[in-house]
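Here the sequence shown stands for residues 337 to 420, numbered as in the working numbering.
Just so you know, even glycine gets a beta-carbon here, dropped at the ideal spot from N, CA and C.
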Amino acid sequence: MLPAFTLVSGQEDAVQLAKLLKAKYIVPMKNGDLDTKGIITSILYDVGTTESFKELLSRELPNVRVLEPTPGIPIEIPVASVVS
């Protein structure tokens, strides 16, 4: 058996990184959504959903906005004006 290996860090780590970076927006990439086949499927599993991430984020960072992309449709990220 292989030692424990986190393929995707997870929601808690994403929230901590957002805190560190003082993020205003987060775009979930859903890189953990895998369509697996073969022997490896027995050791891979999903933890959490986009909805559970949004709930965690709203508790920890209520001012951060989640932007959910739709394949093939560009998303717009609002940028505040910079005054010199």
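The beta carbon of LEU403 is closer than 6 Å to those of TYR361, VAL363 and ILE411 in its chain, skipping five residues each way along the sequence.
Distances from the alpha-carbon of GLN347 to those of GLU387, ILE375 and THR406 put GLU387 closest.
At least 8 Å separates the beta-carbon of LEU392 from that of LYS355. Buried is the label assigned to ALA350, since at least 16 other Cβ atoms lie within 10 Å of its Cβ.
Annotated as distal: VAL415 and ALA359, with beta-carbon spacing of 8 Å or more.
C-alpha of GLN352 to C-alpha of SER345: approximately 11 Å in a straight line. Cα atoms of SER394 and GLY374: separation of roughly 37 Å, rounded to the nearest angstrom.
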